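Participant: Take a look at this one; I'll ask things after.
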Amino acid sequence: MKNVLQNVLLFAAALPAALFTCQAHAQLRAMSDDDLAQTRGQGLIAVSNSRLGQFDFTRIALDADVTLSANLRNLRLGDYRYAAREGLGADIDMPLLQFGRSDGTTAQRTVQIANPYFEFVYRATGDASTPREVIGMRVGFDAISGDVGLRINSLSGSMRVTGTAADGSALVLDSRSDPLGGKRWDGACTAPCLSLAQLGGVRAGDATGPSRDFWVSLLKTGVQFQAPAGTTQLPDVAQAGVWLNWRDKLAAISTNGTVPPNLAPSAPPAAALTLGGKH
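Each residue of the sequence shown is one higher than the one before, counting from 0 in numbering that gives the first Met the number 0.
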């Protein structure tokens with residue numbers, strides 16, 4: 000379990016590191032008393048507490064809109080023994096995760112992310128004098144839109160992607176079709192369907208808005224998380240270990256396993272951060 004925690008913390012650290020490899024487009028200036036009296040705002044960091052069922056949640060969110068171009072390679076999370084599917088070796092084995100692409104339009108070069116957050120999970124005791132048991136944590140975004148390149152060997156999670164075959168027929172990748180509930184799923188399925196091996200990436204969001212349910216959790220027992228911001232649909236129960244949730248508004252950008260390139264731009268910055276994006 001120690002190695003699992005180390006791997007997930009490394010992943011959780013990699014995302015903020017990518018987010019902050021950027022420039023904040025703002026200029027500081029002194030404000031008079033009159034200016035201050037007429038100004039309203041909110042903190043960059045927002046902390047909130049909630050409860051659902053037998054669990055308490057403490058969320059630490061960054062109130063910011065992020066424009067990101069980044070490549071993460073060889074993500075292997077939750078490498079421990081799991082007798083039912085020992086051969087796959089890890090809860091999540093993702094050789095490539097890239098935000099943005101370099102072979103499309105200027106807008107496709109980056110991915111837009113809103114309000115990244117960490118959330119800690121405790122078992123509710125109902126008694127303020129009794130120490131709470133830490134169950135785990137998750138890291139995610141309130142919203143994400145853009146092209147995300149993916150190569151996934153093993154998935155533990157709840158994921159749904161729609162696609163179109165070469166002959167124009169509709170394809171669907173859905174971890175709910177896995178007999179073991181999406182735990183260490185290799186993405187195999189009976190045609191017609193979209194397998195993980197065929198998936199080269201997803202377009203998050205559509206004309207109606209961004210995708211709103213991306214998160215990765217590390218838990219020692221199953222947890223029912225709250226509905227994503229702006230929705231009322233509860234996600235599937237996250238299983239113990241490492242779990243990825245991403246089902247909302249995902250369309251395949253490749254159904255032949257080809258991941259689009261995401262080469263470095265000729266001139267920086269690769270990302271931009273807008274602070275205090277929600278008022």
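For each residue, glycine too, the CB sits at the ideal point set by N, CA and C.
Note that the structure is predicted; figures quoted are calculated from it, not measured.
(1) Report back the beta-carbon spacing between MET93 and GLU118 to the nearest angstrom; my notes put them in contact at under 8 Å.
(2) Compare the C-alpha of GLY86 against each of THR57, LEU154, ARG108 and name the closest.
(3) Using CA coordinates, which residue listed in LEU76, LEU61, ARG50, ASP102 is at the minimum distance from ARG122?
(4) As an exercise, report each continuous beta strand (DSSP E) stretch of at least 3 residues that is fully enclosed by the stretch 102 to 146, in chain order.
(5) State the DSSP-derived secondary structure class of SER31, mapped to helix, strand or coil.
(6) Excluding the 5 residues flanking ARG211 on each side, which residues of the same chain have their C-beta closer than 7 Å to its C-beta?
(7) The beta strand (DSSP E) spanning PRO200 covers which residue range?
(8) How many Å lie between SER101 and LEU262 at the Cα?
(9) Taking only runs of the beta strand (DSSP E) that begin and end inside the stretch 212 to 240, which ones reach a length of at least 3 residues, in chain order?
(10) Considering Cα atoms alone, identify which of LYS182, ASN73, THR254 is closest to ALA164.
(11) According to DSSP, is CYS21 helix, strand or coil?
(12) Among the residues of its own chain, which have a CB less than 7 Å from the CB of CYS188, if the five just before and after it don't count?
(13) Tell me whether ALA164 sits in a helix, a strand or coil according to DSSP, three-state version.
(14) Report the rounded CA-to-CA distance for GLN238 versus ARG131, giving the unit in angstroms.
(15) For VAL46, which residues from the same chain have a beta carbon less than 6 Å from its beta carbon, with the 5 sequence-adjacent residues on both sides left out?
(16) Assign ASP90 to buried or exposed, taking buried as 16 or more other Cβ atoms, counted over all protein chains shown, within 10 Å of its Cβ.
Facilitator: Result, derived from the coordinates:
(1) Position 94 of the sequence shown, counting from 1, holds the residue named residue 93. Position 119 of the sequence shown, counting from 1, holds the residue named residue 118. With a Cβ gap of about 21 Å, MET93 and GLU118 do not count as contacting.
(2) Residue 86 sits at position 87 when you count from the first residue of the sequence shown. Nearest of THR57, LEU154, ARG108 to GLY86, Cα basis: LEU154.
(3) Residue 122 sits at position 123 when you count from the first residue of the sequence shown. Comparing Cα positions, the closest option is ARG50.
(4) Residue ranges of uninterrupted beta strand (DSSP E) with 3 or more members, entirely inside the stretch 102 to 146 and ordered along the chain, are 110 to 122.
(5) Residue numbering aside, residue 31 sits at position 32 when the sequence shown is read from its first letter. In this structure, SER31 counts as coil in the three-state DSSP scheme.
(6) Along the sequence shown, one-based indexing puts residue 211 at 212. ASP141, ALA142, PRO227, ALA228, GLY229, THR230, ASP247.
(7) Position 201 of the sequence shown, counted from the start, is the residue given in the question as residue 200. Note on identity: in this sequence residue 200 is Gly, with Pro being the wrong assignment. Run containing GLY200: 200 to 203, per the beta strand (DSSP E) assignment.
(8) For the purposes of this step, residue 101 is identified with residue 102 of the sequence shown, where counting begins at 1. For the purposes of this step, residue 262 is identified with residue 263 of the sequence shown, where counting begins at 1. LEU262 has its alpha-carbon roughly 6 Å from the corresponding atom of SER101.
(9) 214 to 218, all fully within the stretch 212 to 240.
(10) Start at 1 with the first residue of the sequence shown, and residue 164 comes out as number 165. The closest CA to that of ALA164, considering only LYS182, ASN73, THR254, is found on THR254.
(11) Locating residue 21 in the sequence shown gives position 22, where the first residue counts as 1. The predicted model places CYS21 with a pLDDT of 46, which falls under 50 and marks its position as unreliable; any figure quoted below should be read in that light. CYS21: coil per DSSP, three-state reduction.
(12) Here residue 188 refers to the residue found at position 189 when the sequence shown is read from its first residue. These residues qualify, in order along the chain: SER176, SER194.
(13) Against the sequence shown, residue 164 aligns to sequence position 165. Taken through DSSP and simplified to helix, strand or coil, ALA164 comes out as coil.
(14) The residue given as residue 238 occupies position 239 in the sequence shown. The residue given as residue 131 occupies position 132 in the sequence shown. Those two C-alpha atoms are separated by around 20 Å.
(15) Here residue 46 refers to the residue found at position 47 of the sequence shown. ILE59, listed in sequence order.
(16) As a first step, residue 90 is located in the sequence shown; it is residue number 91 there, counting from the start. ASP90 is classed as buried because its beta carbon has at least 16 other beta carbons within 10 Å across all chains shown.
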